[in-house]
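Written below as structure tokens is the structure these notes are about.
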Amino acid sequence: MKKLVLLFAAVCPLITLAQDKIITKKGETITAKVLEISTNEVKYKKDDNLKGPTYIAQKAELQAIEYENGAKEIYSTTTAPKSITIERDDYYADGKLLSKKWELEEVLKNDPEAYRLFRKSNVMNTIGKIMVFSSAGLGLATLIVDNNTENFPSGFVYSSLLIGGFIPGVVISLTSSNRFDEAIEVYNHNQQKNITLSPIIGTNSIGVAVKF
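Take 1 as the starting number for the sequence shown in full-length UniProt numbering and just add one per residue.
See below:
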């Protein structure tokens with residue numbers, strides 16, 4: 001009897017651990033017992049209350065299910081948008097509005113080349129703004145000092161700030177904008193399928209092979 005109790009105590013933890021795991025796209029892991037899987041839904045009970053209510057999860061909200069037998073079913077099969085369009089300074093991915101900049105960034109991550117240009121654009125834009133605003137701030141400070149100090153070499157200082165900071169900053173900012181547009185163009189170009197036509201000449205026939 002004592003041996004049976006010990007054996008039961010050893011097996012119980014294994015039974016408890018052997019449960020299904022439902023992983024959502026938000027990164028949450030639900031330890032459960034999957035009851036039924038339909039076209040769009042997954043019905044399950046929580047492992048800590050198997051006699052409790054049955055829960056329903058939408059497949060669209062799930063990333064994967066790991067079953068107790070080790071099998072895994074993946075539902076996250078989203079594909080990269082085919083194109084990004086710009087309308088009145090708004091960005092759309094396959095017609096869907098990207099209202100936040102991070103949403104656009106997530107789309108561009110699907111293409112390493114486009115994403116590299118996007119990040120380079122952000123860095124250049126930051127540097128350009130720093131140079132422009134720093135030069136403007138120093139220019140304002142110089143103007144204040146100039147109004148309160150005689151014989152202050154304001155002309156030389158203004159010229160130095162203009163040539164050394166403000167103008168280069170504007171140029172860098174404009175270049176960053178071009179890099180950003182280039183990132184969009186590269187993404188759209190790379191997402192398009194390359195179609196080539198190759199002639200096929202047979203003994204009694206002539207045809208064309210379409211390669212994607």
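All C-beta atoms in this analysis are idealised placements derived from N, C-alpha and C, irrespective of residue type, glycine included. Note that the structure is predicted; figures quoted are calculated from it, not measured.
Contact between the stretch 60-79 and the stretch 179-186 is absent: fewer than three C-beta pairs spanning the two stretches fall below 8 angstroms. A direct Cα-Cα distance of roughly 15 angstroms separates PHE133 from LEU174. Proximity to ASN40 across ARG116, ALA57, VAL171 peaks at ALA57, based on C-alpha coordinates.
ALA136 places its beta carbon 8 angstroms or farther from that of ASN110. For ALA32, the uninterrupted beta strand (DSSP E) run begins and ends at 29-37, by DSSP. DSSP places TYR75 in the coil class of the three-state scheme, outside both helix and strand. By the neighbour-count definition (other C-beta atoms within 10 Å, threshold 16), ALA114 is a buried residue. Taking the C-beta atoms as reference points, ILE86 is found no nearer than 8 angstroms to ASN188. Taking 8 angstroms as the cut-off, the beta carbon of ILE65 is found closer than this to the beta carbon of ILE22.
For THR24, no alpha helix (DSSP H) run applies; the uninterrupted beta strand (DSSP E) run containing it begins and ends at 20-24, by DSSP.
DSSP places TYR187 inside the alpha helix (DSSP H), whose first and last residues are 167-191. One alpha carbon belongs to LYS101, the other to GLU61, and they sit about 23 angstroms apart. One Cα belongs to THR54, the other to TYR75, and the distance between them is close to 21 angstroms.
Under the DSSP assignment, GLU87 falls in the beta strand (DSSP E) whose first and last residues are 84-87.
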